[in-house]
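Notes to accompany the following structure.
Residue numbers (our numbering), protein chains in the order written: chain A, 6 to 122; chain B, 33 to 445.
Take a look at the structure:
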């Protein structure tokens, strides 16, 4: 467990390194806020239409597909770590698991989830 | 011990000396250990920052030369010999720029995003093994080292979403969505390709991975190495997968509304991510700190690893200078329809071939298989898969060309 205590110590250092540059810049920079500086940047034009645009459903489908395969990869990690000491049938079982997920990928592909509309 | 012996095992000796000094000042052993580790952490976190200053100059020079121009030079401005201090000048400039906050932004999230992205980029370096174990050259040797790196790399896309959404700007929003969908799509081939070295080494810990690489894994598993390299290029947002920061298209994408050091934080984090991705690739596939004379002088491990990582970083820089940006649907199609199936196939093939080689080897004259035999068979398996993939791609291309020709001649009626 002391390994993770060291990681915790390192996170403190990482956060210090994250906060320090903006903090330093805040101390050193001029502060002259101005109505025109705060306008939304749209290449020089006035902003047009609602800002928080509609969320394309395609992104949601990619995220769903990612979720399935990420869980699969996470479940494969313990198998990969123990691989060197496993007998051959365990390898065949893992290959069957992968094949079931390949079928899933083919289904997602054919249904058109992976095309960008 | 003389100077050479002191330097050969530098970090252990410096740490011991510092521990003695602190103990002499009256600190208890526990606090001495904590303070020494804290200083070591500062060095580990500060090293990449210092390296990045040099690498920004290197990248700009290389890209300049690729584009038939000089890159930063020292004519007219004082930026050091050959403009080596250009990055320092840029840093000073960014530190003194005004923060321009857009109206209607999400105040808290807007500020958290750059802090998070730098903190995560720095946090990855805790597990990078710069030298052999017991030489004080790795902050912590987690036994889930590789998994820790992947988990932290996924946190960068949180900060992308936070930056894009809280900026109250259509372009930032679009950029953030595209960047996130790209990063998320390339996580899968990256993790699947990562499973192959983990499988061949039997551990996720960084030192264990290097230990198992008498033959570097790039020889034993060249296709997973290639898949990992491409996925890693997409994860760090390097051209040709630069949708996150498409310069000419959506004008800096999700960090449009950031100015001064907040933008500098994203820029810095991108370079640090590039460097840590290069280091992780070197550990996973190029043999890490292995090289001649490392047993006698562990500090040489740092030298070898840095050289390998510098080589990988150079390749990434050549990509930046020489490649065009791909369209988002091409990028996503490439990941889901090519890299993911290929990675799955490689995982199955490597598992099967390695296990069969191991079983056959155990029944043979000597109980264990030499790494070179294993490497040879695995390389052969990779070569066969590469040939089959090339043939499949050729068939697909033929069919697509036939479809295009049919459509062209159909219109002429």
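All C-beta atoms, glycine included, are put in the ideal place defined by N, C-alpha and C.
Since we're looking at a predicted model, the values are computed, not measured.
Backbone CA spacing between residue i and residue j [nearest angstrom]
i, j, result
"residue 51 (chain B)", "residue 312 (chain B)", "30 angstroms"
"residue 136 (chain B)", "residue 142 (chain B)", "11 angstroms"
"residue 133 (chain B)", "residue 270 (chain B)", "28 angstroms"
"residue 7 (chain A)", "residue 180 (chain B)", "16 angstroms"
"residue 321 (chain B)", "residue 248 (chain B)", "11 angstroms"
"residue 219 (chain B)", "residue 210 (chain B)", "14 angstroms"
"residue 76 (chain B)", "residue 115 (chain B)", "26 angstroms"
"residue 113 (chain A)", "residue 65 (chain A)", "13 angstroms"
"residue 60 (chain A)", "residue 407 (chain B)", "48 angstroms"
"residue 119 (chain B)", "residue 83 (chain B)", "11 angstroms"
"residue 96 (chain A)", "residue 413 (chain B)", "16 angstroms"
"residue 411 (chain B)", "residue 390 (chain B)", "15 angstroms"
"residue 158 (chain B)", "residue 243 (chain B)", "19 angstroms"
"residue 287 (chain B)", "residue 148 (chain B)", "14 angstroms"
"residue 383 (chain B)", "residue 409 (chain B)", "12 angstroms"
"residue 351 (chain B)", "residue 73 (chain B)", "32 angstroms"
"residue 61 (chain B)", "residue 25 (chain A)", "30 angstroms"
"residue 32 (chain A)", "residue 345 (chain B)", "34 angstroms"
"residue 430 (chain B)", "residue 421 (chain B)", "14 angstroms"
Residue i: first and last residue of the uninterrupted alpha helix (DSSP H) it sits in
i, result
"residue 390 (chain B)", "372-395"
"residue 86 (chain B)", "61-98"
"residue 265 (chain B)", "254-267"
"residue 210 (chain B)", "202-233"
"residue 52 (chain B)", "42-56"
"residue 247 (chain B)", "Taken as a continuous stretch (DSSP letters only), residue 247 (chain B) belongs to no alpha helix (DSSP H), as it is neither H nor E."
"residue 115 (chain A)", "93-115"
"residue 12 (chain A)", "7-33"
"residue 336 (chain B)", "331-354"
"residue 314 (chain B)", "293-317"
"residue 180 (chain B)", "177-198"
"residue 320 (chain B)", "Per DSSP, residue 320 (chain B) belongs to no alpha helix (DSSP H) and is neither H nor E."
"residue 139 (chain B)", "139-155"
"residue 77 (chain A)", "62-87"
Proximity winner among the options, relative to residue i (alpha-carbon distances)
i, options, result
"residue 324 (chain B)", "B:196, B:54, B:334", "B:334"
"residue 197 (chain B)", "B:227, B:144, B:246, B:261", "B:144"
"residue 67 (chain A)", "B:376, B:212, B:120, B:203", "B:212"
"residue 27 (chain A)", "B:357, B:151, B:434", "B:151"
"residue 309 (chain B)", "B:201, B:360, B:178", "B:178"
"residue 156 (chain B)", "B:174, B:35, B:373", "B:174"
"residue 305 (chain B)", "B:217, B:361, B:267, B:169", "B:267"
"residue 204 (chain B)", "B:37, B:215, B:192", "B:192"
Test: residue i CB closer than 8 angstroms to a CB of chain A
i, result
"residue 379 (chain B)", "yes"
"residue 361 (chain B)", "yes"
"residue 272 (chain B)", "no"
"residue 369 (chain B)", "yes"
"residue 130 (chain B)", "yes"
"residue 292 (chain B)", "yes"
"residue 127 (chain B)", "yes"
"residue 68 (chain B)", "no"
"residue 91 (chain B)", "no"
"residue 113 (chain B)", "no"
"residue 85 (chain B)", "no"
Neighbour list for residue i in chain A, Cβ cutoff strictly below 8 angstroms
i, result
"residue 522 (chain B)", "Chain B is shown only over 33 to 445; residue 522 (chain B) falls outside these bounds and no answer can be derived."
"residue 60 (chain B)", "Chain A residues near residue 60 (chain B): none, gap ~17 angstroms exceeds 8 angstroms."
"residue 391 (chain B)", "93"
"residue 373 (chain B)", "107, 110"
Cross-chain neighbours of residue i in chain B, by beta carbon under 9 angstroms
i, result
"residue 100 (chain A)", "379, 380, 383, 384"
Residue i at chain C interface by Cβ criterion, 8 angstroms
i, result
"residue 12 (chain A)", "Structure shown: chain C not included; protein chains present are A and B."
Any chain B beta carbon closer than 8 angstroms to residue i
i, result
"residue 80 (chain A)", "no"
"residue 112 (chain A)", "no"
"residue 41 (chain A)", "no"
Chain A contact residues for residue i, given Cβ-Cβ distances below 9 angstroms
i, result
"residue 77 (chain B)", "15, 18, 19, 21, 22"
Amino acids of chain B, ordered along the chain, whose beta-carbon sits closer than 7 angstroms to that of residue i
i, result
"residue 36 (chain A)", "130"
"residue 116 (chain A)", "Residues of chain B passing the Cβ test: none, with the nearest at roughly 12 angstroms."
Residues that residue i contacts on chain A, provided the C-beta gap is smaller than 7 angstroms
i, result
"residue 213 (chain B)", "64, 67"
"residue 74 (chain B)", "18"
"residue 297 (chain B)", "26, 27"
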